[in-house]
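Numbering (our numbering), first residue to last: 333 to 935.
What follows is a single structure, written as C-alpha cells, with notes after it.
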C-alpha cells in the first residue's frame, strides 16, 4: 500500500513507523501538520491508500478523514482518551499501559479501534518509555491494524456501550503544571520521581530554584545523601542533587522559564544552566560499580564479569558535549587497562548517541569554537575505539543512534543493535559534512556507493535494514529492559569463542597495514578541514539549522526528502555494492561467522 504519515514532527515514533512500514514493503511518505499549510490539499496530492498519524497534536480535518481512511496512534489502552495519556500513567504509578490504533472521527480519540496492544511501564522517564516499550507496542499495533485494513475483511471494534464487550471510556484532562508541581516539604522521593519522570522530556516540572523559575528535566533516585527538603546537596557530571522528605533525587537538566517577549529557552546540564546562581556544592565522583547496594545515579558506569567489560553511558537526548566526550574517553581508557578480551560500549536502555551537543554549543559564548572543541572531543573518542587492538570492542546500540553517534558505533569491531532502534547515518540535515572518521568506517562496511546513498537520502533506517546492508552485525530481538542482560550473555559467548584471539591478532595486523597505506589521521584531517570551514563561516547553513533545532522552530513546510514516497530495497543494494566493500573482520554470529546476506568470512 501507499501510506501517508501525518505528524506534528518527524519524531522518534514517526521515524520508527516510517522505517518498519517500509521494511514490510509499503511505500511511505510524510506530511507535517503545519500552520498555514492546508492538510487536505497535501493529502490529496499524495492520494494515499491509508493516512496514519503516529504523533499528531492537532485534529485531522473532517474533509480528510471523510475522504480517506485515517488511523490515529494513541499512547493509551483501549478506551483511554486525552492529550496527556502517558503522563497520567507515569504520574499515577501505572505498571501496565498500552497503545491503541483507532480511526479518526469528529471527536478526539473516539473512533473505532483497529488494534490495541498492552505493555509494561518500567520506572523510567516518559521519553525513554515512549521510545522503548510504548514504541514497541505501537509498532505491533500499527502493523496489525495495517494488515487488518489491507485484508478488507476486518471489522474494527467500536468504542461505547453498543459493543458487547463494552469498556468504559476514560477521558483524561491535560496534565498542567498545577498537578505536576512538586511540594518539596511533603513529597516523598517516589512521588517526586513520578512527577519528574512524567514530565520528561517535555514539558518539564516548573519549579523555583536558586531564586529563579526553571523547568526540571529528568529524575533519578539517590539513596545515600540527606538534607533539608528542597535543599541542593551536591553535583555530579553536570546534574544537581536535591533533597526530598525521605532521600534525594538527581536532576540532570534545567530549562529557564521563558520570559514574556523573549525567545524560547532550551535544556542545558543543570549546573551549567544555574551558572553563578549555583551555591558552592561538593562534586561527587561516580560510585564504585563494585557496590551494587549503592542506590545512586551516574551517566557513565563500568562493570566486569569474567573476560567481559561493559562501559555503559546514558546522556540526556543522546547528545554528547565536549565535557561528556572527554569523561567517556577517560573511562574508556580505564576500561582498556582492565584484563578483558571483550569490551562492550553501551548496552543500556534508550539512546546510544546522537553526536555533538547542539544545546551546549548554542549556549556557548563562541558557538563556532565550541563546535570545534566538541567535534574534536568526539573524534578523540572514536579514534581510541578504532585503535584498540588488544581486545574486541562491541558497540551495543540499545536505542536510537544518529550522525556522529552512529559513526561512534561503527568504530567498534561489531555492532549489536536492539530490534527497535532507529538509525540515522547521515549529517546533511544539520548542514554538516561530518567527521568521526566516517569516510573510513562507513564505506568500509557498506561500500562507497551505498555510503553516498545513505548520506544523500538522509532517511532513518531500521536495525533490520542496517543489518541487511552490513551496517549492523547482529539484531537483538528483545524488549528494552532485557537488552543489557542479553548483550552480556552474547559478549561472554564471544569471549569464549576459540577464534576470538586470532580475530584480535588480525585486527591489529589490519590496522598496521592501514597505517602504512593511508593513516587514520589522514581521514580525520580531511573531514575536520571541511568541518572547520563550516564552523568558521557565520553564513553557513549549519548555524541557522542549529539555532532552529535548539529553539524548536517549526519548519515552514515539509522537508522535500520526507514528502517523497520511500521504500526499502536494502538486500539488492547490498548485493550490488558488495564488490566495493572492504573486508571487515568476522562477526560473532554463532561459532561460524556468517553475514546476514550470505557473505561468509573467517573468524
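Just so you know, even glycine gets a beta-carbon here, dropped at the ideal spot from N, CA and C.
Just checking my contact of residue i with residue j at CB under 8 Å: how many whole Å lie between their CB atoms?
i	j	result
residue 649	residue 683	7 Å
residue 469	residue 449	4 Å
residue 704	residue 867	5 Å
residue 732	residue 344	6 Å
residue 474	residue 384	7 Å
residue 431	residue 405	7 Å
residue 359	residue 899	5 Å
residue 328	residue 726	Because residue 328 is not part of the residues shown, which for the chain are 333 to 935, the question remains open.
residue 895	residue 363	7 Å
residue 736	residue 702	With 8 Å as the limit, residue 736 and residue 702 do not qualify as a contact, their Cβ atoms being about 15 Å apart.
residue 724	residue 832	6 Å
residue 337	residue 401	With a Cβ gap of about 14 Å, residue 337 and residue 401 do not count as contacting.
residue 717	residue 750	With 8 Å as the limit, residue 717 and residue 750 do not qualify as a contact, their Cβ atoms being about 20 Å apart.
Smallest Cα separation from residue i: which of the options?
i	options	result
residue 821	689, 835 and 636	636
residue 483	529, 376 and 333	333
residue 529	541, 867, 455 and 357	455
residue 409	381, 466, 389 and 774	466
residue 861	708, 478 and 373	708
residue 563	548, 580 and 696	580
residue 346	791, 452, 798 and 828	791
residue 355	885, 540, 614 and 754	754
residue 491	479, 412, 767 and 513	412
residue 374	386, 618 and 395	395
residue 670	575, 639, 654 and 657	639
residue 668	806, 634 and 699	634
residue 695	596, 658, 643 and 780	596
residue 541	515, 531 and 532	515
residue 711	481, 830, 433 and 738	738
residue 721	680, 686 and 675	675
residue 828	749, 672 and 646	672
residue 510	841, 443 and 536	536
residue 578	531, 842, 518 and 594	518
What residue does the alpha helix (DSSP H) around residue i start on, and which one ends it?
i	result
residue 711	699 to 718
residue 453	Careful: residue 453 lies outside any alpha helix (DSSP H) and carries neither H nor E.
residue 376	371 to 378
residue 346	344 to 355
residue 606	602 to 606
residue 893	892 to 895
residue 481	467 to 483
residue 567	That residue, residue 567, is in no alpha helix (DSSP H); its beta strand (DSSP E) goes 564 to 568.
residue 877	873 to 882
residue 772	770 to 778
residue 396	394 to 397
residue 690	690 to 695
Where does the unbroken beta strand (DSSP E) through residue i begin, and where does it stop?
i	result
residue 746	746 to 750
residue 727	724 to 729
residue 585	585 to 588
residue 683	Taken as a continuous stretch (DSSP letters only), residue 683 belongs to no beta strand (DSSP E), as it is neither H nor E.
residue 660	No beta strand (DSSP E) contains residue 660, which is instead part of the alpha helix (DSSP H) from 654 to 668.
residue 335	334 to 339
residue 636	632 to 637
residue 732	Unbroken run through residue 732: none, as it is neither H nor E.
residue 642	640 to 645
residue 796	Per DSSP, residue 796 belongs to no beta strand (DSSP E); it is in the alpha helix (DSSP H), 795 to 801.
Measuring only from the beta carbon, is residue i closer than 7 Å to any heavy atom that is part of the ligand PLP?
i	result
residue 598	No copy of the ligand PLP occurs in the structure displayed, which carries no ligand at all.
> Taking the runs of the alpha helix (DSSP H) that are 4 residues or longer, which of them lie wholly in the region 499 to 561?
Replying inline: Runs of the alpha helix (DSSP H) spanning 4 or more residues and lying entirely within the region 499 to 561 occur at 509 to 512 and 521 to 530, in chain order.
> Does the region 508 to 523 come close enough to the region 552 to 562 that 3 or more CB-CB pairs lie under 8 Å?
Replying inline: A contact is defined here as three or more CB-CB pairs under 8 Å, and the region 552 to 562 meets this definition with respect to the region 508 to 523.
>> Could you check whether the region 731 to 743 touches the region 862 to 878, counting it as contact only if at least three pairs of C-beta atoms, one from each stretch, sit closer than 8 Å?
In response: Proximity of the region 731 to 743 to the region 862 to 878 falls short of the contact definition, fewer than three beta-carbon pairs being nearer than 8 Å.
>> Does the structure place the region 627 to 636 close enough to the region 555 to 573 that three or more beta carbon pairs sit under 8 Å?
In response: Short answer: they touch.
> Which whole runs of the alpha helix (DSSP H) in the region 401 to 427 are 4 residues long or more, in chain order?
Replying inline: Segments of the alpha helix (DSSP H) lying fully in the region 401 to 427: 417 to 423.
>> Using 8 Å as the cut-off, can you tell me whether the region 770 to 782 makes contact with the region 843 to 858, which would need three or more C-beta pairs spanning the two stretches below that distance?
In response: Under the 8 Å Cβ criterion, the region 770 to 782 counts as touching the region 843 to 858, having at least three qualifying pairs.
>> Ignoring anything shorter than 4 residues, give me the alpha helix (DSSP H) runs that lie fully in the region 807 to 865, in order along the chain.
In response: Segments of the alpha helix (DSSP H) lying fully in the region 807 to 865: 815 to 828 and 832 to 849.
> Between the region 502 to 517 and the region 455 to 464, are three or more C-beta pairs nearer than 8 Å?
Replying inline: Touching, no.
>> If contact is defined by three or more beta carbon pairs under 8 Å, each pair taking one atom from either stretch, is the region 415 to 433 in contact with the region 373 to 380?
In response: Judged by Cβ distances under 8 Å, the region 373 to 380 makes no contact with the region 415 to 433, as fewer than three pairs qualify.
> Would the region 593 to 610 and the region 563 to 577 be scored as touching if the rule is three or more Cβ pairs under 8 Å?
Replying inline: Pairwise C-beta distances place the region 593 to 610 in contact with the region 563 to 577, as three or more of them are shorter than 8 Å.
>> Under 8 Å, with one C-beta from each stretch per pair, do the region 750 to 759 and the region 790 to 804 reach the 3-pair mark?
In response: Counting Cβ pairs under 8 Å, three or more are found: they touch.
> Counting pairs of Cβ atoms below 8 Å between the region 659 to 672 and the region 834 to 851, do you hit three or more?
Replying inline: The answer is no - the region 834 to 851 does not touch the region 659 to 672, with fewer than three Cβ pairs under 8 Å.
> Three or more beta-carbon pairs under 8 Å between the region 533 to 553 and the region 586 to 600, yes or no?
Replying inline: With the rule of 3 Cβ pairs closer than 8 Å, the region 533 to 553 counts as touching the region 586 to 600.
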